[in-house]
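In my numbering, the protein residues as written are 10 to 428. What follows is one structure encoded as structure tokens, with my remarks underneath.
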């Protein structure tokens with residue numbers, strides 16, 4: 010009964026095991042979940058008054074209500090006298106804090122009582138799973154902390170929580186992942202349960218400062234009988250001047266390659282971090298493609314080098330599409346649509362002295378009309394989503410965007426078949 014749930018950024022406190030008692034008194038067991046939103050303070054300057062007309066609601070995006078799990082440390086009334094007993098024997102005492110983290114899906118029309126009951130069931134189940142994982146991976150007096158991670162699976166499965174032992178690398182958990190794939194009837198040719206695949210809630214900021222998927226705020230172009238084919242999954246937007254690296258005028262292909270590497274990392278295909286310019290250059294020296302003097306130079310690279318680095322550093326193979334002049338790109342709709350449908354990886358395109366990243370195409374197979382979703386690595390400003398999308402640094406472009414007479418190479422990375 011001492012278990013307490015507090016709704017984050019609000020004065021709402023719920024005792025789920027005391028007949029779902031709550032404060033303030035307006036919150037009752039029959040209060041609907043969506044009616045908790047007005048209590049949540051989204052701006053530090055706003056007062057908690059429910060009557061304030063300026064109150065913002067979190068209802069607009071993905072409606073997420075965060076709660077903290079707490080315990081009452083005092084109980085009313087007289088306490089029994091303590092009894093001490095002493096047993097002489099040698100013991101190992103191990104102590105750890107369990108990072109309990111549950112998620113339950115509720116409808117807006119569900120009551121606080123219903124949701125709290127489901128949350129308590131999920132918490133109890135998670136503690137049992139944590140006990141299993143802790144005992145399974147215990148070695149002598151070494152205790153591995155169980156780590157809960159949430160994974161968003163394709164519809165209709167939704168969010169699934171998995172407990173992994175902290176500190177054990179993904180490479181040693183393959184049998185556990187295989188079991189999960191079989192239980193949930195998932196294909197065994199792509200990763201769903203690597204740590205990098207863990208679901209990132211919309212209200213959690215990314216700590217590294219890079220923008221993720223800026224294209225999601227854009228409106229799709231409308232073409233007669235046209236369809237949109239997009240990059241699948243999450244990537245980071247790499248562009249000129251990031252990471253205190255002045256690559257303005259020469260680093261566009263490096264940045265496009267970094268964007269592609271971030272996709273493979275965040276989809277769980279690779280565990281290594283996104284390579285720096287120097288690491289990219291060193292990889293090309295290591296495979297004999299460049300001289301030693303190439304490292305720390307300001308020399309450009311093209312899509313053939315991007316293909317070589319992906320293979321060397323990530324073990325990822327790529328197809329190369331050759332286009333003898335930019336005007337031919339307008340006829341490549343079918344190939345590009347097929348790539349985004351089957352592989353879903355960002356494409357690096359190089360032509361003349363410029364490199365860009367293609368994130369998708371809108372294409373009509375009846376009229377042949379085509380638009381390209383371009384992520385431009387030549388941007389030199391701050392990570393301002395509005396500037397990037399308003400000024401077209403991430404945006405839909407027509408066939409005229411390409412130099413009609415220039416020669417282009419496209420690097421189309423292929424997904425590895427792994428769990």
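Glycine included, C-beta positions come from ideal geometry on N, C-alpha and C.
Identity of the residue in the options nearest residue i by Cα
i	options	result
residue 120	198, 362, 41 and 241	41
residue 388	183, 427 and 397	397
residue 202	117, 276, 132 and 425	276
residue 415	393, 338, 370 and 374	338
residue 158	104, 179 and 11	179
residue 423	364, 348 and 36	348
residue 325	134, 241, 393 and 352	352
residue 278	207, 345, 262 and 258	207
residue 217	328, 246 and 380	246
residue 100	128, 289 and 149	149
residue 19	45, 12, 10 and 39	45
residue 72	92, 78, 116 and 155	116
residue 83	12, 313 and 327	12
residue 375	363, 34, 209 and 233	233
residue 122	412, 111 and 39	39
residue 282	307, 322 and 260	322
residue 333	155, 87, 412 and 90	412
residue 128	113, 141 and 87	113
residue 109	77, 87, 118 and 94	77
residue 426	273, 141, 393 and 298	273
residue 81	126, 25 and 92	25
residue 363	164, 372, 356 and 386	386
residue 373	94, 340 and 298	340
residue 266	140, 399 and 367	367
Burial state of residue i, where buried means 16 or more other Cβ atoms lie within 10 Å
i	result
residue 420	buried
residue 17	exposed
residue 377	exposed
residue 62	Reliability of the predicted coordinates at residue 62 is poor, the pLDDT of 36 falling under 50, and the value obtained from them is presented with this limitation in mind. With fewer than 16 other Cβ atoms within 10 Å, it is exposed.
residue 53	Residue placement at residue 53 is flagged as unreliable, the pLDDT there being 41, under the threshold of 50; the coordinate-derived value follows with that caveat. Answer is exposed; the Cβ neighbour count stays below 16.
residue 391	exposed
residue 167	exposed
residue 27	exposed
residue 258	exposed
residue 134	exposed
residue 248	buried
residue 344	exposed
residue 137	exposed
residue 286	buried
residue 94	exposed
residue 156	buried
Span of the alpha helix (DSSP H), counted from its first residue to its last, around residue i
i	result
residue 127	121–145
residue 186	183–192
residue 398	394–399
Terminal residues of the beta strand (DSSP E) in which residue i lies
i	result
residue 169	167–174
residue 161	155–162
residue 422	417–422
residue 384	379–384
residue 22	22–24
residue 376	Neither: residue 376 is in no beta strand (DSSP E) and is coded neither H nor E.
residue 406	403–406
residue 15	12–16
residue 30	30–32
residue 76	76–80
residue 359	356–360
Problem set entry | Touch test, the region 187–204 against the region 218–225, Cβ-Cβ under 8 Å, three pairs minimum | These segments do not touch.
Problem set entry | Inside the region 259–347 only - alpha helix (DSSP H) runs reaching at least 4 residues | Counting only runs of 4 or more, we get 261–275, 286–295 and 312–318.
Problem set entry | Segments assigned beta strand (DSSP E), at least 3 residues, entirely inside the region 199–253 | The beta strand (DSSP E) runs lying completely inside the region 199–253 and spanning 3 residues or more are 235–239, given in chain order.
For this session: Tell me, please, whether the region 282–292 touches the region 315–323 by the rule of three or more beta-carbon pairs shorter than 8 Å.
Result: Pairwise C-beta distances place the region 282–292 in contact with the region 315–323, as three or more of them are shorter than 8 Å.
Problem set entry | Stretch pair the region 398–407 + the region 300–313: three plus CB contacts closer than 8 Å | No, the region 398–407 is not in contact with the region 300–313.
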